[in-house]
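Using the numbering used here, the first residue of the sequence shown is number 7, and each one after it goes up by one.
Note that the Cβ used here is the ideal one computed from N, Cα and C, for glycine as well.
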Amino acid sequence: VNENYEEANVPVIQYAMLQFETATMAWFGRKLTTASPEAQLTFEELVSGWRAILEQEVPNRPLDSDRPFPYFEV
C-alpha cells in the first residue's frame with residue numbers, strides 16, 4: 007500500500023489502528039501516516055496509550071455496539 011502513497015507523493019502509513027466487532031461484523035480503522043504526531047511514537051507507546059483508553063471505555067459500552075472505541079491521539 008505504501009508504494010501507492012509514495013507514487014502519489016503523499017505521507018506513507020506508519021501505523022493502522024483497527025477495530026472489529028464480531029456480532030455485527032462492523033469494523034473501524036484509522037491510518038496514521040508519517041505526517042501525524044502519533045507516528046513519532048514507538049509501537050509500544052502507541053499500543054499502551056490506546057490500551058489505556060480502551061480500559062476506560064470497555065466498562066461503559068456494550069461490546070456488540072456499532073460505535074467505534076476512541077482512538078489514541080497525541
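Member of Glu79, Phe78, Pro68 whose CA lies at the smallest distance from the CA of Glu27: The shortest Cα separation from Glu27 among Glu79, Phe78, Pro68 belongs to Pro68.
Distance between Arg73 and Thr40 (C-alpha atoms, nearest Å): Going by the C-alpha atoms only, they are around 27 Å apart.
Of the residues Tyr21, Val16, Pro17, the one placed nearest Phe49, counting alpha carbons only: Out of Tyr21, Val16, Pro17, Tyr21 has the C-alpha closest to the C-alpha of Phe49.
Beta-ladder partner(s) of Trp33, from DSSP: Paired residues: Phe26.
Span separating the alpha-carbon of Ser54 from that of Ala14: Cα-Cα distance, rounded: 32 Å.
Beta carbon of Ile59 nearer than 7 Å to that of Pro76: Yes, the Cβ-Cβ distance between Ile59 and Pro76 is below 7 Å.
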